[in-house]
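Visitor:
In the working numbering, the protein residues as written are 15 to 176.
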C-alpha cells in the first residue's frame, strides 16, 4: 500500500513492519512531516523485497522491523546488503528491543542505525523529521544530534554508509 503521493520533490521510503498499528502511526507521522513523502509498506521482509523489485525508483531509506513473520528484519537486511541493486540503500532497523546484541548485529549486517520504537507519537515524529530531512546529507550527525537532545532510542551503527 502507498500513502500520501504527490508529484513534486518526493522522497521514497520503504517500511517493513507486521504491526499494523505501528505502520499506521509511522505513515501518519510521515504525512504530518511532509506530504510529498511516498511510504511503501510491507508486512514482512519477503514482502519488502517483492515491493523493491517492482519499484521504478528505489527508496532513499528502508526501515526494517526486527521481528516479522515469514522473513524477519535480519534476514531481509542480509538479502539487501548482498544484492548489488540494493546494497547502497540506507537501512534503519526498528524494534521495541533495546538489547545491546541487537544493536551489534544491526551494525555487523550493515544497517546505518538502530531505532527503538518510541512510546509517543511526538517522539516518533521528531525522529522521522530529523531523518527524512537529512537523508541525502548523511545520517550520522542526525543520530548524534538526536542523542544529544535526549532521544536515547536512536543509535549509530558505526560508520555503515553514514
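Ideal Cβ positions, reconstructed from N, Cα and C, are used throughout, including at glycine. Everything numeric in this text was worked out from a predicted model, so none of it was measured.
State yes or no: is the C-beta of residue 55 nearer than 7 Å to some heavy atom of the ligand NAD?
Guide: This structure lacks the ligand NAD; in fact it carries no ligand of any kind.
Visitor: Tell me whether the beta-carbon of residue 91 lies closer than 8 Å to the beta-carbon of residue 75.
Guide: Here residue 91 is taken as the residue at index 77 of the chain shown, counted from 1. Here residue 75 is taken as the residue at index 61 of the chain shown, counted from 1. No, they are not a contact pair.
Visitor: Given this structure, state the Cα-to-Cα distance separating residue 131 from residue 70, to the nearest angstrom.
Guide: Locating residue 131 in the chain shown gives position 117, where the first residue counts as 1. Locating residue 70 in the chain shown gives position 56, where the first residue counts as 1. Residue 131 and residue 70: Cα-Cα distance of roughly 29 Å.
Visitor: Do you know offhand how far residue 103's Cα is from residue 93's?
Guide: Taking the first residue of the chain shown as position 1, residue 103 is located at position 89. Taking the first residue of the chain shown as position 1, residue 93 is located at position 79. When rounded, the distance between both Cα atoms is 12 Å.
Visitor: Could you give the uninterrupted runs of the beta strand (DSSP E) lying entirely in the segment 64–118, keeping only those of 3 residues or more?
Guide: If we require 3 residues or more, the beta strand (DSSP E) runs fully inside the segment 64–118 come out as 75–79, 104–109.
Visitor: Using a 10 Å radius around the Cβ and a threshold of 16 neighbouring Cβ atoms, would you call residue 84 buried or exposed?
Guide: Position 70 of the chain shown, counting from 1, holds the residue named residue 84. Residue 84 comes out exposed.
Visitor: Once DSSP output is grouped into helix, strand and coil, what is the label at residue 56?
Guide: For the purposes of this step, residue 56 is taken as residue 42 along the chain shown, with counting starting at 1. Strand at residue 56.
Visitor: By the three-class DSSP mapping on this structure, what secondary structure does residue 130 have?
Guide: One-based indexing of the chain shown puts residue 130 at position 116. In the structure shown, residue 130 sits in a strand (DSSP, three-state: E or B).
Visitor: Among residues of its own chain, excluding the 5 on either side of residue 37, which ones have a beta-carbon nearer than 7 Å to its beta-carbon?
Guide: By one-based count along the chain shown, residue 37 stands at place 23. Once the five neighbours on either side are set aside, the close Cβ partners of residue 37 are 29, 31, 55.
Visitor: What's the gap between the Cα of residue 114 and the Cα of residue 42?
Guide: On the chain shown, residue 114 is found 100 positions in, with the first residue counted as 1. On the chain shown, residue 42 is found 28 positions in, with the first residue counted as 1. So the two alpha carbons sit approximately 29 Å from each other.
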